Amino acid sequence: MSLAAPNRPAKRRRRLQMPVSVMIGLAVVVLMLAIALLAPWIAPTDPTNVASFDLMSAELPPAFMPDGDPAHWLGTDNQGRDLFSAILYGMRVSIAIGGGAVLVAASIGVVLGLLAGYFGGWVDIVIMRVGDVILSLPTILLALLVSGIARAIFPEAGTAQWAPVILIGAIAIHEWVQYARTVRAATMVEASKDYVRAARVIGLPSLHIMVRHILPNVMSPVMVIATINLAAAVLTEATLSFLGVGMPPTYPSLGTLIRIGNEFVFSGIWWIAVFPAVTLVILVLAVNVVGDWLRDRFNPKLKGR
Amino acid sequence: MKPAALSITDLTVDYPLADGSVVTAVSGVNLTVAPGEIHALVGESGAGKTTIGNALMGLLQAPGRVAKGRIEIGGKPVDIRTGRTDGIVQGKDVGAIFQDPMTSLNPLFTVESQLGETMRHHLGLSRAEARRRSLELLRAVGIPEPERRLKSYPHQLSGGQRQRVVIAAALCCGPKLIIADEPTTALDVSVQAQILKLIRGLADERGVGILLVTHNMGVVAEVADRVTIMLKGQVVESGPVAEVLGAPQHAYAKALIGAVPRVDVKLPRLPVPAQESPGTAAAREQVRARMGGGEEAKAGVLSVDNLVVEYGARGGFFGGSRVFRAVKGVSFTVEPGEIFGLVGESGCGKTTVANTIAGLAKPTSGSVTLGGLPIGAKRGGVARKALQMVFQDPYSALNPRLRVTTAIAEPIAFYHLAATKAEAVEDAALLLESVGLDREAGARFPHAFSGGQRQRIAIARALAPRPRFLVCDEPTSSLDVSVQAQILNLLKDLRDLAGLSILFISHDLAVVRQMCDRIAVMKSGEIVEQAPTEELFAAPSHPYTRELLSLVPSLDKIAREPVAV
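Going down the list, the sequences are from chains A and B. Everything in the first sequence is counted per this note's numbering, starting at 76 for the first residue and increasing by one. Everything in the second sequence is counted per this note's numbering, starting at 12 for the first residue and increasing by one.
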């Protein structure tokens, strides 16, 4: 009683303790997700439709500049695409690939982490050493390697249809290790608890114990890592697209747009690169702010600070 | 006359809740501790005894506050708002000994700095002087080789030695009052006996007043001068130990003392404060019927033959082998319908034996068979289903994310003991009732239950696959005495009614005496003595058994009315 009683008001207070920065971050994330989701309805034109390209109106400056066209308020790119529409669609692509990569990485990582933590022994050694080798390579290097190999053996890999799949694979192959390590550690803790031992004594199959008993109890750190990794995955995708091994210019992501714009920055046509870049920064920053806050909240060592 | 070491008048501690209501954890408590006196504060969990200790040390948790009352330490009043006294410093004039010696020392500090820092801070001693005093203290608390131990880190000390260091730290500034909160609960009987002797000595020789917070009546009988029994934040009875424990007046005090298992006589059932409902009895009868009666229901003999269990990495990735032999050739049999006790101090290997029998650890050599079938050989096999286990810690024994009914129905569905899901749920509800819980309780999550209720749920779950054999590893050691008595009676009933065989593992000899038909005593991985209970208690043949028996702190020295058997 003496323990339970004072906890209740404390919990209520903690829920309200969301700093203003996190509230803003969360609002931005939700807003951008909504925009990305609704892009086809919001955007004035469809930048992926080649028919909308108009070389006559290429490289128009933003509407607020002297030569600006009020129809394109962020200007147009080198193909005459409306930049605002391209950014909305680009954000959609970036978030979809980032989210997809996180989902794939988390699924692989959680499964392998559960197996490694529950069975231990050789299963554990093999999975974790493979993970160590992968982590010894930089994310970008590995992603370049994977997409390079994919393009070499699979000519379709660069098309708008297949590029996202390759990108998701190239990012996830590096990111799963973090989930696996976290889940493995949490699984080892849970597996030594009596409720798991009781399930083993009852004679339940290992798969059942892992899925039904351990998995729900190790998921909260996974959620936190997933949020933080979403920002990292979006950045990796942007980097790859910027380097020209990501999304093709016909179906641009934010990174592709920055790459296109990069060629024109020094000829005074700055807007093609700058507006997508600012969008990317805001997106990544907002996700990171929320992710960091989640991480601190779920970290018992930081509780009460 | 010297002022009382501690005097509490009309103390009330409140915990205001967010919705504006107030939980009163302690209300109107009066208590005095004279210099050189050990005053025991006993009661079950939630009685408010730890809250009093915390209030004295200014450690009340955030919203808690002293609403009313007066506290005086060494004759000086404590400011109830801040928990501070003029001229009295926490840690200097009031020392504290906590329950768990593992966590109450900083693992990064040597013994010398743990002790020395406090003295240099409070008494302004030089480094050399502090060192000299630390050595003195270590000698006073009876640590062997004090010079060497000064340089030790906490992990290099045994549990008993650590608790001695904690006591030395509490003593280091010459306090007038020591608050000892369950100081021996985490220790073995032999170590407990030494620490109790040490505490008694401190009170006698240094004239320190000691407030001993405990739930163990045996400990109270052994060392305390006066005792205060608390119930739900209020004092129900207070007085000299012999009077209160020998002839309690208040009904609750009588019930509480009656529920303490006796070492001297075996009773058919432990006295329980509350009576069970008729529904429980009916449900138990139904459970018994389902488990099947008669001869074919009997487990068959559990036979453990020359069991050896070793831990440690052998070979491994980088070679090398450090093998620890936890069990060194243990043999015993448990007859059908028998309760067999396995006793010993921590680290003697009794839990390893239990784990091996339950199939959680692999034997290095030797065999375990139940009714002729090897244990744990086949997943989902007959032997698996027939043997279930009840664990020590009811808090980790239940999955926090599974509703109680789901957890109990899981094995029922797995072994196809019910035709439909609805029937499995009905079975689960019946099991809950049979262990004395409401069937509605099944819809809730484990965190809604107390320790004793959780242990009942864990027992219900263990009964769900309709086992013939139950391994109970310290099933009541984390529970209050009255709850312990209920759980023990429940296990006995299951044996009597359903013919269940039980392997009962415990370090508490009084509990074992009440429960078991035969007992094996383990020491360092070996069984040193094995005998029927009455024989073992009447005439222990091995010196280790005799030593264990003599060390049990017991109520029975203070006349409890003899019971005709």
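Glycine included, each C-beta is placed from N, C-alpha and C at the ideal position. Predicted model only: the values in this text are computed from it and were never measured.
Let me know the secondary structure DSSP gives residue i once reduced to three states.
i        : result
B/MET302 : helix
B/GLY447 : coil
A/ASN304 : helix
A/GLN236 : coil
B/GLU156 : coil
B/GLY326 : Note that B/GLY326 has pLDDT 48, beneath the 50 cutoff, so the model's placement of it is unreliable and the number below is only indicative. In the structure shown, B/GLY326 sits in coil (DSSP, three-state: anything other than H, G, I, E or B).
B/VAL219 : coil
A/GLN92  : coil
A/GLU250 : helix
B/PRO385 : strand
A/SER144 : Just to set this straight, residue 144 of chain A is Asp in the shown sequence, not Ser. Here A/ASP144 sits in coil by DSSP.
B/ALA16  : coil
B/GLY244 : coil
A/ASP199 : helix
A/ARG167 : helix
A/GLY155 : coil
A/VAL118 : In the sequence as presented, Val is not what sits at residue 118 of chain A; that position holds Ala. A/ALA118: coil per DSSP, three-state reduction.
B/THR225 : strand
B/PRO543 : strand
B/SER342 : strand
B/ARG280 : coil
List, in chain order, every chain A residue whose beta-carbon is nearer than 9 Å to that of residue i.
i        : result
B/PHE425 : ILE277, GLY278, LEU279, PRO280 and HIS283
B/ASP491 : Those do not exist, as B/ASP491 stays about 13 Å from chain A at its closest Cβ, beyond 9 Å.
B/ARG465 : Ordered by position in chain A, no residue passes the 9 Å Cβ test against B/ARG465, which lies about 11 Å from the chain.
B/PRO476 : ILE277 and GLY278
B/GLN7   : Nothing in the structure corresponds to residue 7 of chain B, since chain B is present only between 12 and 576.
Under 8 Å between C-beta atoms, does residue i make it to chain A?
i        : result
B/SER512 : no
B/SER407 : yes
B/PRO411 : yes
B/ALA369 : yes
B/LYS396 : yes
B/ARG1   : Here chain B covers residues 12 to 576 and nothing more, so residue 1 of chain B does not appear.
B/PRO422 : yes
B/ARG472 : yes
B/GLY326 : Note that B/GLY326 scores a pLDDT of 48, beneath 50, so its modelled location is shaky; the value from the coordinates is reported in the next line. No, B/GLY326 lies away from the interface with chain A (no Cβ there is under 8 Å from its Cβ).
Return no unless some Cβ of chain B is closer than 8 Å to the Cβ of residue i.
i        : result
A/TYR326 : no
A/PRO296 : no
A/ASP269 : yes
A/HIS249 : no
A/ARG272 : yes
A/LEU189 : no
Looking at the strands, I want to know which residues DSSP matches up with residue i.
i        : result
B/ASP316 : B/SER378
B/PRO88  : B/GLU83
A/LEU189 : Paired residues: none, contrary to the question.
B/ARG237 : B/HIS50 and B/PRO251
B/GLY106 : B/ILE189
B/PHE335 : B/TYR322
B/THR196 : Answer by DSSP bridge pairing: none, since B/THR196 is not bridged.
B/ILE350 : B/ILE513
B/LEU398 : B/PHE480
A/VAL104 : Paired residues: none, contrary to the question.
B/LYS534 : B/GLU537
B/ARG173 : DSSP, once it has assigned bridges, lists no residue as partnering B/ARG173.
Just to make sure I have the definition right: I need the residues of chain B whose C-beta is within less than 7 Å of the C-beta of residue i. Which are they?
i        : result
A/PRO291 : ARG412
Interface residues of chain B around residue i at Cβ under 8 Å?
i        : result
A/HIS288 : ASN410 and LEU413
Just to make sure I have the definition right: I need the residues of chain A whose C-beta is within less than 8 Å of the C-beta of residue i. Which are they?
i        : result
B/PHE402 : ASP269, ARG272 and ALA273
B/ARG450 : Per Cβ cutoff of 8 Å: no residues; B/ARG450 is ~21 Å from chain A at best.
B/ARG76  : Per Cβ cutoff of 8 Å: no residues; B/ARG76 is ~10 Å from chain A at best.
Requested in this report: Could you name each continuous alpha helix (DSSP H) segment of 4 residues or more that falls completely within the segment 20-78 of chain B, going from the start of the chain to the end?
Outcome: Complete alpha helix (DSSP H) runs here, min 4: 60-68.
**Report entry** Runs of alpha helix (DSSP H) lying entirely within the segment 261-306 of chain A, each at least 4 residues, in chain order
**Finding:** Within the segment 261-306 of chain A, the complete alpha helix (DSSP H) runs of at least 4 residues are 269-277.
Query raised in the report: Where in the segment 423-483 of chain B do unbroken runs of the alpha helix (DSSP H), each at least 4 residues long, occur, reported from the N-terminal end onward?
Result: Complete alpha helix (DSSP H) runs here, min 4: 432-445 and 462-474.
Query raised in the report: Along the chain, which unbroken stretches of the alpha helix (DSSP H) at least 4 residues long are found entirely within the segment 317-377 of chain A?
Result: Listed in chain order, they are 329-337 and 346-373.
**Report entry** alpha helix (DSSP H) runs wholly inside the segment 110-144 of chain B, at least 4 long, in chain order
**Finding:** Here the runs fully enclosed are 122-134.
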